[in-house]
């Protein structure tokens, strides 16, 4: 009988090798464990045995059952795995086909640059202030130490609406407005982003509408070195930690001393390249200490207070940073151009 | 200002510094440099004399010349029409480099040619400087040129020009002496001033000339006289220096007036004494007074122009240009010299209306009266020396000018706190010494005497700038302003827009920025308002005359621009201003405008796309209004839609019954592409109160969902049914449309109703009572037929 059992085990070992699906395996199982199965057939011999033999036989039989079950179980797992693999394989797709679209729009590059500058200055305690684009000559020029007939007015050829009203030529009138509006004449820290207008023919480098971000700090003992330190931070923020700053003396009627600010070239690091025209430096903005006449005109005592002012050009910064060669691109709004900016920025 | 370094070397030694370095350093103390260029880059040029010049038989213009170049005689073929025997010419020897290339030994028509006879243009000289006799051919040198001599040296072209781009305050740098002072301060070198040899006292001039000044717009007028000048070409150094300065040489007398202007910054004018007569009168012009200026143009003057007259007629437009009637010409014998200062504002006004000149540029920015005296003396000297004239002793003087230098007191503390640099007394004294400003010091205070040439300096801050730039900003370290710092905050409208922009991009719209100045033909589009619009007094073009009242015309342009470039999927927005005038107030209001058209591809391969229609853009609008906190507060009607919209696919948008803008399809008569747009007034929206976010506990009780469908007349708005459902159902019922089926004159609309009570579990029978009530009302009120339950 033992022999028969061992034979049965070997038989299953052989038969199970040829089984390739769970269904076949189930059929095979019936062959062994079914009502007319081999195991049933063997167990029918039980009744012919003595009680002692029965106990022995029973134990043998259980052991056989277990062994066979294990064989079925192992095979079943293998087959399930195999069948799942086959099913999944049929679901194979071409992963190189195009992705579905996610419609998320993009901010205009000028907004993006303005946001970057704003974030820095707000973090340093500057308020973001706006002013009208249709401005009085008084705020745009006169209070800023540019009286009527001043030759420096030529540099900002203006769109006049009446003798007294014009489209602001810079965001500086917001300086004057803020100083005048501050009744208590307390310290001021502001930036003023916005659109400005000058009588320039639109071409690759000129636009009759463009943007500025004016900055103004008024407090006691504000110095040129404070201006330098502040702008150094801004330039590092915009163009990378390694940037250095250079002050070149210049002239603006509303500041004295006045400086043009150059930043070391972010492309070549100062060696000289096409972007910096071989000089290693890029002219980035104009700034200076607020002219005492401007302070006086706006009700601040120049003996007590001093201040600095600067003016960023978001167009210029965007052109440098993103390698844009034609300022008109900002205003024609070709979607292929705009979509360039539909991502997070990386390193230069 | 084009600075001849040779001219500059008369006043300061710059031989030990490379001119590019000089230029870079000038830029760092505030004088931007446009270019540094040699007058000519040509080499190996010598003076030659044409000994023999024979035409080449089979050519209509070539000559073969024997040219003496000192050391030897060369055979050179020349094609210039003005080549002839006996003239002195510029010979480029074999091996010479010219801007156009290198000269090689060559054979022309079988004849050997060793070198080239040159025109000035071939040396790189602009043709406006080429004298008459050399026009269209080779340059004919004057007879005093020594054969074999280096031509570049002989012509005084061995010069480098630094072109300075000056800031408008630095009028003192519009002359060589001023630049010499600046370079001197920079290099810490003293400048060598030339002694004025001609004394200005004497009375002989009174016998020849009378001067009357009848206007306060002329603070200083000096008149001098030189007799018996002989008019000829200027010496080479004068011609070369004028060229270097950008001025065309004319003759020795005229050139001297320009030479002195470049040297001293004082424009001069020379009159032919015979033509002028014995009287000079300065006065304001009369309205419509006529004057023919030197350039031959008849000018009509105004009362605001200053004129020089002979006592009767205008003979010069003061500070701008002389008159033709008293011009110095080849026959001029005696000349009258004018050295004057006119009111800068007045000159500025005249030159703006009439013309800008080298002289007017200088007058406009103001002149140093001390220089005026120096300049007339210098002119007399040069006229004597180079025009061989006899000086008439003395000058006529009208002088109300202020010649005393400004004195400014400033403390060391002020300088140091303003710059943020710790300077010693020596540092500061050193700067003023280098600038040649006289300075004395008492305790902490410096008393600085500013020379009259530095008209740009009048207050302490100007001196601080001088210290900063000469000491050097590169030695300054950056610091950060101290003081009380509070968190920065945004202007509230600015913040509103900033947040809104982020939301707009997140729902698939891209930001554009367009011009605010628009064509006035577009200005009445997309509105029924009749506002006073704002126009520019003197627009630059038809396209930009008027400040816009709506952004939509600009967005239409952006759409067309993109369609023309095959850019599909156009989903754009702009937040910008509209401008108008109301009761003499200028108004600016922020609008949000959106344009969408075409179809947004969701998936290319699955062929899923969203065809944009009214409901797409309505979805964007409502998303924005919900974002801004107006959920449930907006509605639409179809009253008074501007004609630019499709009359049956557009609406007015109302929030709390305030009109905020329009939404709809663009009328095909305006644009045939199916463009959907809306424009809303952000100022109105922002003025409406929105409550803060309050979290509401989600109902713990189950809801019951039920559908109903009606067959309705096709013109019944779905919104009216929804309103009725909510009215009948009360606060526990919400409803939405889930199906629309077009049946010709009729339509089928299906609604999904959610019944939910926050306080209890609703019972089916209670819900059915409400449900049936709603159906009955809709059926009766809208003449509807219930489709199924």
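Chains as they are written, first to last, in my numbering: chain A, 1 to 348; chain B, 1 to 789. Cβ atoms here follow ideal geometry from the backbone N, Cα and C, with glycine treated the same way.
Between the stretch 291-301 of chain A and the stretch 180-193 of chain A, the count of C-beta pairs closer than 8 Å reaches three or more; the two stretches touch. Neighbours of residue 420(B) in chain A, taken as residues at a C-beta separation under 7 Å, are given in chain order as 223, 224, 225, 226. Using beta-carbon distances, residue 61(B) does not count as an interface residue toward chain A, since no partner is under 8 Å. Residue 483(B) has a beta carbon lying within less than 8 Å of a beta carbon in chain A. Within the same chain, and ignoring the five residues on either side of residue 493(B) in sequence, the residues whose Cβ sits closer than 7 Å to its Cβ are 590, 686.
The residue among 6(A), 319(A), 171(A) with its C-alpha nearest the C-alpha of residue 238(A) is 319(A). Residues of chain B whose Cβ lies closer than 8 Å to the Cβ of residue 165(A) are, in chain order, 586. Its chain contains 556, 559, 560 as the residues whose beta carbon lies nearer than 8 Å to that of residue 671(B), once the 5 sequence neighbours on both sides are disregarded; these appear in chain order.
The beta carbon of residue 417(B) falls within 8 Å of a beta carbon belonging to chain A, placing the residue at that interface.
Closest option to residue 653(B), judged by alpha-carbon separation, among 680(B), 83(B), 392(B): 680(B). Around residue 424(B), no beta-carbon contact reaches into chain A at under 7 Å, the shortest distance being about 17 Å.
Within the DSSP bridge table, the entry for residue 136(A) names 165(A) as partners.
Minimum Cα-Cα distance from residue 3(A) among the listed residues 48(A), 230(A), 61(A) corresponds to 61(A). Only residues of its own chain outside the window of five on either side were considered, and among them 75 have a CB closer than 7 Å to the CB of residue 112(B), listed in chain order. Excluding its 5 nearest sequence neighbours in each direction, residue 133(B) has C-beta neighbours in its own chain below 8 Å: 82, 140, listed in chain order. Neighbours of residue 30(A) across chain B, judged by C-beta separation under 9 Å, do not exist; the nearest C-beta is about 46 Å away. Close CB contacts of residue 165(B) within its chain, under the 6 Å cut and outside five residues either way in sequence, are with 32, 34 (chain order).
The closest CA to that of residue 720(B), considering only 473(B), 69(B), 784(B), is found on 784(B).
Within the stretch 510-525 of chain B, the residues whose Cβ lies closer than 9 Å to some Cβ of chain A are 510, 511, 512, 513, 514, 515, 516, 517, listed in chain order.
The alpha-carbon separation between residue 368(B) and residue 336(A) amounts to approximately 58 Å.
Here DSSP, grouped into helix, strand and coil, assigns residue 206(A) to coil. The Cβ-Cβ distance between residue 232(B) and residue 389(B) does not fall below 8 Å. Against chain A, the beta carbon of residue 600(B) has neighbours under 9 Å at 101, 103, listed in chain order. Chain B places no beta carbon closer than 8 Å to that of residue 170(A), leaving this residue out of the contacts. According to DSSP, residue 108(A) shares a beta bridge with no other residue.
DSSP assignment within the stretch 217-282 of chain A yields the following whole beta strand (DSSP E) runs of 3 residues or more, N-terminal first: 245-252, 255-264. Residue range 218-227 is occupied by the beta strand (DSSP E) that includes residue 226(B), with no alpha helix (DSSP H) assigned at that position.
Within 10 angstroms of the beta-carbon of residue 14(A) lie fewer than 16 other beta-carbons, which makes it exposed. Its Cα nearest to that of residue 538(B), the residue 200(A) stands out among 56(A), 200(A), 67(A).
Taking residue 597(B) as reference, the option from 219(B), 62(B), 620(B), 356(B) with the minimal CA-CA separation is 620(B). In terms of Cα proximity to residue 214(B), the closest of 312(B), 153(B), 173(B), 128(B) is 312(B). Collapsing the DSSP output to three states places residue 578(B) in a strand. Comparing C-alpha distances from residue 270(A) to each of 288(A), 254(A), 285(A), 244(A) shows the shortest one belongs to 244(A). Residue environment: residue 154(B) is assigned as buried (16 or more neighbouring CB atoms within 10 Å of its CB, all protein chains considered). Within 10 angstroms of the beta-carbon of residue 88(B) lie 16 or more other beta-carbons, which makes it buried.
Taking the C-beta atoms as reference points, residue 147(B) is found no nearer than 8 Å to residue 255(B).
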